[in-house]
Amino acid sequence: MASVKRIGVLTSGGDAPGMNAAVRAVVRTALANGIECVGIRRGWQGLITSDFVLLSRDSVGHILSRGGTILYTARSDEFMTEKGRQKAVGTCKMLGLDGIVAIGGDGTFRGALELSRLGVPVVGVPATIDNDVGCTNYTIGFDTACNTAIECIDRLRDTMQSHERCSVVEVMGRNAGFLALYVGIAVGATAVLVPEREIDFQRDVVERIQESRLAGNTHFMIVVAEGAGSAVEYGKRIRDAVGMEPRVTVLGHIQRGGTPSARDRETATRMGYCAVTALAEGRSNCIIATQEGGIVEIPIEEALQRKKSLQMDRYRIMEIMQLGGDAKSNVL
Ligand code: F6P
Numbered sequence: 310m311a312s313v314k315r316i317g318v319l320t321s322g323g324d325a326p327g328m329n330a331a332v333r334a335v336v337r338t339a340l341a342n343g344i345e346c347v348g349i350r351r352g353w354q355g356l357i358t359s360d361f362v363l364l365s366r367d368s369v370g371h372i373l374s375r376g377g378t379i380l381y382t383a384r385s386d387e388f389m390t391e392k393g394r395q396k397a398v399g400t401c402k403m404l405g406l407d408g409i410v411a412i413g414g415d416g417t418f419r420g421a422l423e424l425s426r427l428g429v430p431v432v433g434v435p436a437t438i439d440n441d442v443g444c445t446n447y448t449i450g451f452d453t454a455c456n457t458a459i460e461c462i463d464r465l466r467d468t469m470q471s472h473e474r475c476s477v478v479e480v481m482g483r484n485a486g487f488l489a490l491y492v493g494i495a496v497g498a499t500a501v502l503v504p505e506r507e508i509d510f511q512r513d514v515v516e517r518i519q520e521s522r523l524a525g526n527t528h529f530m531i532v533v534a535e536g537a538g539s540a541v542e543y544g545k546r547i548r549d550a551v552g553m554e555p556r557v558t559v560l561g562h563i564q565r566g567g568t569p570s571a572r573d574r575e576t577a578t579r580m581g582y583c584a585v586t587a588l589a590e591g592r593s594n595c596i597i598a599t600q601e602g603g604i605v606e607i608p609i610e611e612a613l614q615r616k617k618s619l620q621m622d623r624y625r626i627m628e629i630m631q632l633g634g635d636a637k638s639n640v641l
């Protein structure tokens, strides 16, 4: 334990509810181990520009329940260059950092890998509302984002039901449909469109609306992941194909804010604790990941190669929930 005297912590990439809980856990675990903790502001960019703040126990008080990140976040183009990374290494030396905890998604971890290759020990903590980090079952922020989207869609459903309309809702997920699928199941969507599954508009939207109608429904909820195409465009196509005037809602960044859920606070606290424990015990260049309930450390290089596929059994479950008891396609 003795050789680690001071560490840095940063948040990078898209923010996620629960990042603050992770920062708090990092700081308090470090202090409990006699390690000083420096907050690097604005992600990797802050390491280049020496934008930092010494974090005390009190400086992370009352942030557990706050969304966003008190350390700010950014996506740094400069850090992608050798020159930028050398500057970052210079800051680490100047501050006497024995390691860094980097909280973010895959982009953050690619930066972490590069920095570790230059001799700076790094431990990654996965946080993104997309849940699209291959090495871990769960990323901080996903649960809160699901709950936020569900709350919004429940409200939409009320008015869609009253007016017997079709709603097309776009949720975040540039490359991943986890959020769309989980939310789709939770709100009883008529159809869910995700980037991981090839979309056949007739089969996946038109026929699903028709089947839903046959099952007695008079309002419809289509959930579209951002990476599966524009909700506005799907709205137009539905109007032309089905003869309804859908209402389109893009939830956008509202899904990234808000007070973190119990799951996100608890997971972030455990992950932050495990990240500092790893550094304090001399382990680094790994990602803290959840696997079947437990927390494991996975080497960054290996972690970045891992892929996580969308659970297609969940997709089928979502579809089955919308079929009428006597619908032909209900026979499996
Ligand atoms: O945090 C991940 C994510 O929410 C993606 O789903 C989305 O495409 C992206 O961030 C948008 O981020 P920004 O608007 O900050 O570039």
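Here this note's numbering is used: position 169 in the sequence shown is 478, and no number is missing along the way. Yeah, the Cβ is synthetic: ideal placement off N, Cα and C, and Gly gets one too.
Three-state secondary structure assigned by DSSP to residue i
i      : result
Cys461 : helix
Thr437 : coil
Met530 : strand
Ala498 : coil
Glu601 : coil
Ala571 : helix
Ile518 : helix
Glu473 : coil
Leu560 : coil
Arg419 : helix
Ile378 : Reading off the sequence shown, one finds Thr at residue 378, where the question assumed Ile. Reduced to three states, the DSSP call for Thr378 is coil.
Ile626 : helix
Thr320 : strand
Gly370 : coil
Ile344 : coil
Glu542 : helix
Arg315 : strand
Ile508 : coil
Val442 : coil
Gly408 : strand
Asn329 : helix
Check: residue i C-beta below 7 Å from any heavy atom of the ligand F6P
i      : result
Gly603 : no
Beta-carbon proximity list for residue i, same chain, < 7 Å, skipping 5 on both sides
i      : result
Arg548 : Glu554 and Pro555
Tyr381 : Arg350 and Arg351
Ala584 : Val335, Val410, Val432, Val434 and Ile597
Tyr491 : Cys455
Ile607 : Cys444, Cys595, Ile596 and Ala598
Val515 : Ala550 and Val551
Asp513 : Ala500 and Leu502
Gly376 : Pro326, Gly566, Gly567, Thr568 and Pro569
Residue i versus residue j - alpha carbon distance
i      : j      : result
Asn342 : Asp386 : 34 Å
Ser593 : Ile459 : 37 Å
Gln631 : His528 : 12 Å
Thr599 : Gly450 : 14 Å
Leu356 : Asp452 : 30 Å
Arg474 : Met530 : 9 Å
Cys346 : Val313 : 11 Å
Glu542 : His562 : 20 Å
Gly323 : Val429 : 23 Å
Ile257 : Ala498 : Examination of residue 257 is not possible in this model, given that the chain is present from 310 through 641 alone.
Gly567 : Gly581 : 20 Å
Lys617 : Lys402 : 36 Å
Asn329 : Asp573 : 10 Å
Thr378 : Lys545 : 37 Å
Ala339 : Ser321 : 20 Å
Val520 : Val501 : Residue identity differs from the one stated: residue 520 is Glu in this sequence, not Val. The straight-line gap from Cα to Cα measures roughly 14 Å.
Gly525 : Leu422 : 54 Å
Thr558 : Leu364 : 40 Å
Val640 : Arg384 : Here Val640 scores only 37 on pLDDT, less than 50, and its place in the model should not be relied on; the value that follows carries that caveat. Each residue's Cα considered, the two are about 49 Å apart.
Leu465 : Gln564 : 15 Å
Val480 : Gly405 : 42 Å
Arg625 : Glu601 : 22 Å
Val605 : Arg522 : 47 Å
Beta-carbon contacts of residue i that lie in its chain and below 8 Å, excluding the five residues immediately before and after
i      : result
Ala311 : With a pLDDT of only 49 at Ala311, under 50, the local geometry of the prediction cannot be trusted, and the value read off the model is given with reservation. Within the same chain, Ala311 has no close Cβ partners at all.
Lys495 : It is worth fixing the name first, because residue 495 is Ala in this sequence and not Lys. Taken in chain order, the residues that qualify are Cys455 and Ile459.
Contact set for residue i: own chain, Cβ-Cβ below 6 Å, skip 5 residues either direction
i      : result
Pro435 : Val442, Thr445 and Thr448
Ser359 : Thr400
Ser425 : Val431 and Asn594
Gln470 : His528
Gly486 : Val503, Pro504, Glu505, Ala534 and Leu619
Gly420 : Trp353 and Phe388
Beta carbon proximity, residue i to chain B, threshold 8 Å
i      : result
Tyr491 : Chain labels in this structure do not include chain B; a single protein chain is all it has.
Subject >> Check your reading: residues with Cβ closer than 7 Å to the ligand F6P heavy atoms >> reply: Gly322, Gly323, Ala325, Gly414, Thr437, Ile438, Asp439, Met481, Gly482, Arg483, Glu535, His562 and Arg565
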